[in-house]
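Per the numbering used here, the very first residue in the sequence shown carries number 2; after that it's consecutive.
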Amino acid sequence: MFFYNKTIAVKHVPERHTTISIKDNLNQVLKYWGISENLVSIVSDHANNMMGLADLLNSENDQELRDFNENLLKRKEIKQFGCAAHL
């Protein structure tokens, strides 16, 4: 098994970097590339605005299930990890 790292977007975000703002911008990029369902984990620094991102994305997925009544049971919970270099 091989893992590859690619930069798929660099985006100017003039608004405050809140968890909600980061989530919205991340969702835009994932939807643009058609890979929203492929997100399984997030690695970030330990900043407060980043550490709640997976929880927010997971709660949004739960809301989508209620809103659209789709069967997304195959979708796994997004995990979040703090970067060891940013301790």
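Heads up, the beta-carbon is just placed ideally off N, CA and C, and yes, glycines get one too. Computed from a prediction, not measured in an experiment: that's the story for all the values here.
Can you tell me whether DSSP reads residue i as helix, strand or coil?
{"i": "Val30", "result": "helix"}
{"i": "Lys24", "result": "helix"}
Alpha carbons only, please: which of the options is nearest the one belonging to residue i?
{"i": "Ile43", "options": "Val11, Phe3 and Ile23", "result": "Ile23"}
{"i": "His87", "options": "Leu57, His47, Met52 and Glu78", "result": "His47"}
{"i": "Gln29", "options": "Ala10, Met51, Ile79 and Asn50", "result": "Ala10"}
Under 7 Å between the Cβ atoms of residue i and residue j?
{"i": "Val1", "j": "Asn6", "result": "Examination of residue 1 is not possible in this model, given that the chain is present from 2 through 88 alone."}
Might you give, ordered along the chain, the residues of its own chain that have their beta carbon closer than 6 Å to the beta carbon of residue i, omitting 5 neighbours on each side?
{"i": "Leu57", "result": "Thr20 and Lys24"}
What is the rounded straight-line gap between the Cα of residue i and the Cα of residue j?
{"i": "Gly35", "j": "Val41", "result": "14 Å"}
{"i": "Met52", "j": "Ser45", "result": "8 Å"}
Going along the chain, which residues of its own chain have a beta-carbon closer than 7 Å to the beta-carbon of residue i, five neighbours each way excluded?
{"i": "Asn72", "result": "Interpretation of Asn72 is limited by its pLDDT of 48, a score under 50 that renders its predicted location unreliable; the figure taken from the coordinates is listed afterwards. Same-chain partners within the cutoff: there are none."}
{"i": "Cys84", "result": "Val44, Ser45 and Asp46"}
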